[in-house]
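Beneath this line is the structure, given in structure tokens, with notes to follow.
Numbering (our numbering), first residue to last: -11 to 232.
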């Protein structure tokens, strides 16, 4: 399974930014990435401290801070909207975010989950100078099963808008096409060509695709030239949480 970790969005540099449209699955990807980095990464890649920064101050329903108990149970620090555990929409962000970004390094991995589209990326722009002063990795997440991001042109326009609003530059494209519990290996394999086309149009590398853990080995066998990152469904909708 170690070869599948090659697709994980948390390799050095240790300041990683996850950006993309609403609903592409950034938060679930971020939660998987910090959990695996904290608990399952090879020892030589595992920092002593991991912080997840939730910069989604626009969408009140799917925030990383809603999963604070899960994160803290795995020894992961959380910084984000002051009222992130409620449905109150507020521009107030936790103190300490700037300091956390400044301290990112081999012993302190920091992953930033950015709100969707350009409006959400403006919150990241508040920290642009701090981010740009050190090595960072901004990952543009693509989910071709979402109507708003189903074409190469739509993704390219969104990427440019996010970069302009955040005043930072993406360095790679990461595929996260899925249909939740209905996802098949064929869905992911079929989307890989279009995801690669997004990367090529943006002149960026395609550094990996996700797959539900049960499908990861099959997807990796069918996409031998693309790193595959196995993920679990950590984020739940409000109605799913009521039935758990």
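Heads up, the beta-carbon is just placed ideally off N, CA and C, and yes, glycines get one too. It should be emphasised that the depicted structure is a prediction, and the values quoted were computed from it without experimental measurement.
As assigned by DSSP and simplified to three states, the class of residue 148:
Here residue 148 refers to the residue found at position 160 of the chain shown. Helix, per DSSP.
Residue 198: first and last residue of the uninterrupted alpha helix (DSSP H) it sits in:
By 1-based counting over the chain shown, the position of residue 198 is 210. No alpha helix (DSSP H) holds residue 198; the beta strand (DSSP E) holding it covers 194 to 200.
Nearest to residue 92 by alpha carbon, out of 119, 30, 213?
The sequence position of residue 92 within the chain shown is 104, counting from 1. Ranking the options by Cα distance to residue 92, first place goes to 119.
Grouping DSSP H, G and I as helix and E and B as strand, with all else coil, what is residue 93?
On the chain shown, residue 93 is found 105 positions in, with the first residue counted as 1. Three-state DSSP puts residue 93 in a strand.
Residues in the same chain with beta-carbon distance under 7 Å from residue 122, minus the five sequence neighbours each way, listed in chain order, please.
The residue you call residue 122 lines up with position 134 of the chain shown. Taking residue 122 as the centre and dropping the five residues before and after it, the same chain places the C-beta of 3, 92 closer than 7 Å to its C-beta, in chain order.
Alpha-carbon to alpha-carbon, residue 62 and residue 285:
The requested residue 285 is not part of the displayed model; the chain covers only -11 to 232.
Along the chain, which unbroken stretches of the beta strand (DSSP E) at least 3 residues long are found entirely within the stretch 85 to 129?
As far as the stretch 85 to 129 is concerned, its whole beta strand (DSSP E) runs of at least 3 residues are 96 to 102.
Buried or exposed: residue 148, going by 16 or more other Cβ atoms within 10 Å of its Cβ?
Position 160 of the chain shown, counting from 1, holds the residue named residue 148. By the neighbour-count rule (16 or more Cβ atoms within 10 Å), residue 148 is not buried but exposed.
For residue 101, count neighbouring Cβ atoms within 10 angstroms of its own Cβ and tell me buried if that reaches 16, exposed if not.
Taking the chain shown and counting its residues from 1, the one referred to as residue 101 is at position 113. So residue 101 counts as buried.
Nearest-angstrom Cα distance between residue 194 and residue 67?
The count along the chain shown starts at 1 and reaches residue 194 at position 206. The count along the chain shown starts at 1 and reaches residue 67 at position 79. Going from the Cα of residue 194 to the Cα of residue 67 covers about 29 Å.
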